[in-house]
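Engineer: What the sequence shown shows, in mature numbering (1 follows the signal peptide of the UniProt record, and there is no 0), is residues -24 to -1, 1 to 947, in sequence order.
Even glycine gets a Cβ: it sits at the ideal position worked out from N, Cα and C.
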Amino acid sequence: MDCNPRPLFLILHILLSCAAPAFQIIYPPNEVNLLDSKASQGELGWISYPQHGWEEISGVDEHYTPIRTFQVCNVMEYSQNNWLRTNWIPRQSAQKIYVELKFTLRDCNSIPLVLGTCKETFNLLYLETDDDQGSHFREHQFSKVDTIAADESFTQMDLGDRILKLNTEVREVGPMNKKGFYLAFQDVGACVALVSVRVYFKKCPYTVRNLASFPDTVPMDSQSLVEVKGSCVNHSKEEEPPRMYCSTEGEWLVPIGKCLCNPGYEEKSSTCQMCQPGFYKSTLGNTECSKCPPHSFSHHEGSLFCGCEKNYFRAEGDPVAMACTRPPSAPRNVISSINETSVILDWSWPEDNGGRRDITFTVVCKRCRSAPSGGGGLNQLCEPCRSNVRFLPRAAGLQNTTVTVADLLAHTNYTFEIEAQNGVSPLAPKMRQYAAVTITTNQAAPSPVTVIKKEKTSRNSVSLSWQQPERPNGIILDYEIKYYEKEEQETSYTILRARGCNVTLNGLKPNTAYLLQIRARTAAGYGASSPSIQFETSPDSFSISSENSQVVLIAISSAVAIILLTVLLYVLIGRFCCHGKSKHPDEKRLHFGNGHLRLPGIRTYVDPHTYEDPSQAVHEFAKELDASCIAIDKVVGAGEFGEVCSGRLKLPSKKEICVAIKTLKGGYTDKQRRDFLAEASIMGQFDHPNIIRLEGVVTRSKPVMIVTEYMENGSLDTFLRKHDAQFTGIQLVGMLRGIASGMKYLSDMGYVHRDLAARNILVNSNLVCKVSDFGLSRVLEDDPEAAYTTRGGKIPIRWTAPEAIAYRKFTSASDAWSYGIVLWEVMSYGERPYWEMSNQDVIKAVDEGYRLPPPMDCPATLYQLMLDCWQKERNNRPKFEQIVSILDKLIRNPGSLKITANTTSRPANLLLDRSSSEVTSVGTVGDWMDGMRTLPCKEAFSGVSYSSCDTLAKTSTELYGRKCNIGLKST
């Protein structure tokens, strides 16, 4: 039995041998020690009161490191009050202090023969001061923190078995306000060994988050978080100001904002490090450095971009991530096709595009001639071409591999240099390469006659003379003189030929104004016509004898009397016949609500906008449907006024049919309703298999609807693009015939469509084409780049005839021009007319004579029909009746479609002079008949007087029954 009341050395020995590993503690980084008794190898120098109370004991741990402990065990004495005070501890920036105590405490029951009062606890106290008070000690100045009790106390048996365990207790002290403090330990009768005392406070340690560094931060109090602003690490910038919050437990919370690495730096291990050679980074951000693109390099660290290798370049607008490129090689396989003084140049793409796709072509024209050299030979001297040489579409910036050069000199040598360029060509002028071709132009047609003089004028004739063209370009064979009465507007004209530079026109009307044009002909063909000049014949002089005068007056009076008598007789007979058939003279007339009349058997288009009440026109021309008879299946599109749907129409005692339904959206104005129903008022007047059929309208309920037949294959242009090259020539001609037939019907009705285009032709499941899109208002803007403004959107200039653009003259002839464009669209399977040319370029080119080239594999007959539709003079264009007849002949003779237009010499950008057409190349009808191979037909025409081609066409119709195969063109 242990009777020693103060077993200090025994306790210390057990502590050092059994509990030494507890001293090998690594403290958390968020704890800052103010005092650690275990770290002191010498005496601590703490004050013990009274002297025989707490004792400081030295020893070593298992690693033989000296440590200091304090023990007290005065259990054999009564009324113990033993104090142990630490030295003065500066609190630094801490407000809340933590005290960690490691101690052992003996069970009072294990101590035999205890005389005094034995305790198993001791007290922890503290005192705040602004300075060190030295050895001055007053018990009453201290404040108690807590009573410290052991979780486990040891007994004599524990000492024998060496299983002694340390008790660890942590207490908070504070908040503190003064500069420092003392800790004190009060023993009131326990057997305790204070192994170590550690005093510390908590902080949020230095850290780096999102490339922002946050310093050590001590919590200010125990109630709130501390907001801390971070600083971007080196070589980075703020994207959003970085912030974090420090908690009272020394933990960082809620990171906000971040920093981004500068260009040339990438994020690695929470720092921004320079890009290595061969890599670059051009932007601010935390992405990794990128490897240099092809044909570029970076030799230094921190590169913002990679420089290009030798002979490689990067254009100004190229991104740094793009590979360095070089100029393209020269174009290949240049082919020239000469047509008199025009040449079509065609070439292949360069073999090497330099690594770019923005390739364009520039064509340089040079006029070359041979000059003697000093050694007796010849040198080629070249100079730039004249400024009036034209390139179609242009000389520079070409994106296609073809160009037409016009207005060259005849019999002249030219060299054309074709250079391929891309975005880096300007950076490498020495690396430019071009392909060259040398051509010699052919004989050209003569230039226009410009000087015409009137020599002599009488009541029935006029004598004219003129000067030879400024550029005859060969021997003038003859001149063609074309004249007609000014009032007739070229509907009937006469053509004469003269070998010299003068002519006398006979058989003219007295006191009448005429217009005249002259053009010269050489072996190369006709030149352009001269500008129209006007002349007038002399008035009738009546210079005859008095006897003859009386005879003339009698004859005139008799003729007038006969005419009046005939008119009177016709009126009387007409009234008698009408009276006999009807009591009402107007019974046979069809009346319309706006005062319009239609005679029986004659269908004439009535403009619904002329009605005072446009809704009356709707009810007059369109059938009102009951909305309950219409079932809408789905929405297939959207128009200006509302949705376009497909659905079904079931009328009483009729079969259900599929229909298209246009609806008028809610909230419409009266004007929008009138405009919406105007198209129905127009469609309701038409009844033709190639015109979209109106089933009816719904106006008495909402939504307001227009119901038409349903066309399964949609618009023609989209349908053709979807089925590129899938139809035979006869199928395409059949589609075109249907469109022409519908337009003939509209023309006969007196309706001008104004917007004929493939997009406005609808196709059903049987490939029947029907004309649609009626009633759009059009206003031509002053801007030459503009198109007609319609309620349906922009109508491109490229479908519109020149006179309609220039003078707003919309006629069936302008519709014929548009039909020629539709014909081109069909044969090219929906390609865009004039491709990417601007509207302004289209207007200018067409005015100068440019016409679209034949589509690939286009039959020559169809391309000729296109050119006829594109005659500049609208009276020279074929009527739709003639177009239908031509297409019917092609359908009956499919072999004629096998001859395709010459694509090798196609006028890709050629100015076509259609004034020298087949009919106008002959002088008179007799000359034309002399050229006919069908002799019986020639005899049939003999003895007949023809003042115009209209008379000729009429006669040919009458002779058609005689099987005269005559092909007429309108002139």
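Leaving out five residues on either side along the sequence, give the residues of the same chain with a beta carbon under 7 Å from the beta carbon of Gln661.
Structural biologist: Only Tyr581, Val582 and Phe597 meet the Cβ criterion.
Engineer: Please check the pair Lys78 and Ser172, which I expect to be a contact at CB under 8 Å, by giving their CB distance rounded to whole angstroms.
Structural biologist: Between Ser172 and Lys78 the Cβ distance is about 5 Å, and since that is below 8 Å, they are a contact.
Engineer: Helix, strand or coil: which one does DSSP assign to Pro269?
Structural biologist: Coil at Pro269, not helix or strand.
Engineer: Quick check: what's the CA-CA separation for Thr338 versus Val822?
Structural biologist: Whole-angstrom Cα-Cα distance: 23 Å.
Engineer: Going along the chain, which residues of its own chain have a beta-carbon closer than 7 Å to the beta-carbon of Phe130, five neighbours each way excluded?
Structural biologist: Correct list, in chain order: Thr80, Arg82, Asp83 and Leu140.
Engineer: CB Val635 to CB Gly623, shorter than 8 Å?
Structural biologist: Cβ distance < 8 Å, so Val635 and Gly623 count as in contact.
Engineer: Return the CA-CA distance between Gly718 and Ala496, expressed in angstroms with no decimal places.
Structural biologist: Near 41 Å, if we compare the C-alpha coordinates of Ala496 and Gly718.
Engineer: Across the region 403 to 412 and the region 431 to 447, are there enough close Cβ pairs to call them in contact, namely three or more that are closer than 8 Å?
Structural biologist: Too few Cβ pairs lie closer than 8 Å, so no.
Engineer: What does the alpha-carbon distance come out to for the pair Ser119 and Ser24?
Structural biologist: Those two C-alpha atoms are separated by around 18 Å.
Engineer: Return the first residue and the last residue of the beta strand (DSSP E) that Pro231 is part of.
Structural biologist: Start and end: Trp228 to Cys237.
Engineer: Leaving out the 5 sequence neighbours to the left and right, which residues in its chain are closer than 6 Å to Thr639 when beta-carbon positions are compared?
Structural biologist: Contacts found: Gly618, Glu619, Pro679 and Met681.
Engineer: So if DSSP puts Val8 in a beta bridge, which residue, or which two residues, is it bridged to?
Structural biologist: Val8 pairs with Phe177.
Engineer: Could you give the distance in angstroms between the alpha-carbon of Asn315 and the alpha-carbon of Phe367?
Structural biologist: Looking at the two C-alpha atoms, the distance is approximately 14 Å.
Engineer: How far does the alpha helix (DSSP H) with Tyr795 in it reach, from first residue to last?
Structural biologist: It spans Ser788 to Met803 - the alpha helix (DSSP H) in which Tyr795 sits, taken as one unbroken run.
Engineer: Using a threshold of 7 Å, is the CB atom of Leu544 nearer than that to any non-hydrogen atom of the ligand PLP?
Structural biologist: Looking at this structure, you won't find the ligand PLP or any other ligand, since it has none at all.
Engineer: Taking all protein chains shown into account, decide if Trp846 is buried (16 or more other Cβ within 10 angstroms of its Cβ) or exposed.
Structural biologist: Trp846 should be labelled buried.
Engineer: Measuring only the C-alpha atoms, how far is Glu671 from Asp334?
Structural biologist: Their Cα atoms are separated by approximately 52 Å.
Engineer: By how many angstroms is the C-alpha of Trp811 removed from the C-alpha of Glu327?
Structural biologist: Roughly 25 Å between the two C-alpha positions.
Engineer: Give the DSSP-derived three-state secondary structure of Ser591 in the structure shown.
Structural biologist: The answer is helix: DSSP assigns Ser591 an H, G or I state.
Engineer: Beta-carbon separation of Leu10 and Thr62 under 8 Å?
Structural biologist: Not a contact, by the Cβ cut-off of 8 Å.
Engineer: As a quick exercise: from Arg697, Pro369, Ile311 and Ala504, pick the residue whose alpha carbon is nearest that of Ser324.
Structural biologist: Ser324 has its Cα closest to that of Ile311, out of Arg697, Pro369, Ile311 and Ala504.
Engineer: Which same chain residues end up closer than 8 Å to Ile65 when comparing Cβ atoms and leaving out the 5 residues on each side of it in sequence?
Structural biologist: The residues are Leu10, Leu11, Gly156, Phe157, Tyr158, Leu159 and Val175.
Engineer: Work out the CA separation of Met196 and Val8 for me, nearest whole Å.
Structural biologist: Approximately 15 Å between the Cα atoms of the pair.
Engineer: Note down, in chain order, each residue of its chain lying with its Cβ closer than 8 Å to the Cβ of Pro239, except the 5 sequence neighbours on either side.
Structural biologist: Same-chain partners within the cutoff: Lys257, Ser258, Thr259, Leu260 and Leu280.
Engineer: Determine the closest residue to Ile494 out of Ser508, Asn487 and Asn398, with distance taken between C-alpha atoms.
Structural biologist: Measuring from the Cα of Ile494, the nearest candidate turns out to be Ser508.
Engineer: Below 8 Å, can you find three or more Cβ-Cβ pairs linking the region 772 to 782 to the region 791 to 808?
Structural biologist: The answer is yes - the region 791 to 808 touches the region 772 to 782, with three or more Cβ pairs under 8 Å.
Engineer: Measuring only the C-alpha atoms, how far is Val168 from Phe177?
Structural biologist: Straight-line Cα distance between these residues: approximately 26 Å.
Engineer: Buried or exposed, going by whether 16 or more other CB atoms sit within 10 Å of the CB of Val48?
Structural biologist: The residue is buried, with at least 16 neighbouring Cβ atoms inside 10 Å.
Engineer: Which of the three DSSP states, helix, strand or coil, is assigned to Arg938?
Structural biologist: With a pLDDT of only 34 at Arg938, under the threshold of 50, the placement of this residue in the model should not be trusted, and no figure is reported.
Engineer: Who are the Cβ neighbours of Thr416 in its own chain at under 6 Å, not counting the five residues just before and after it?
Structural biologist: For Thr416, where only same-chain residues beyond five positions count, the Cβ hits under 6 Å are Asn389.
Engineer: Please give the ranges of any alpha helix (DSSP H) in the region 666 to 739, keeping only runs that are unbroken, at least 4 residues long and fully inside the region.
Structural biologist: Those alpha helix (DSSP H) runs which fall completely within the region 666 to 739 and span 4+ residues are 692 to 698 and 705 to 725.
Engineer: Consider the Cβ of Cys361: report whether some Cβ of chain D lies at a distance smaller than 8 Å.
Structural biologist: Checking the listed chains, one finds no chain D in this structure; it contains a single protein chain.
Engineer: If you count every other CB in all the chains shown that lies within 10 Å of the CB of His729, and 16 or more means buried, which is it?
Structural biologist: It counts as buried.
Engineer: Take Ile859 as the anchor and find which of Cys745, Arg44, Tyr721 and Arg713 has the nearest alpha-carbon.
Structural biologist: Residue Arg713 is the option with its Cα nearest to Ile859.
Engineer: Can you give me the Cβ contacts of Val296 inside the same chain, cut-off strictly under 6 Å, excluding the 5 residues immediately before and after it?
Structural biologist: Correct list, in chain order: Ser258 and Phe281.
Engineer: Tell me the rounded alpha-carbon separation between Leu653 and Arg669.
Structural biologist: Approximately 15 Å, taken between the alpha carbons.
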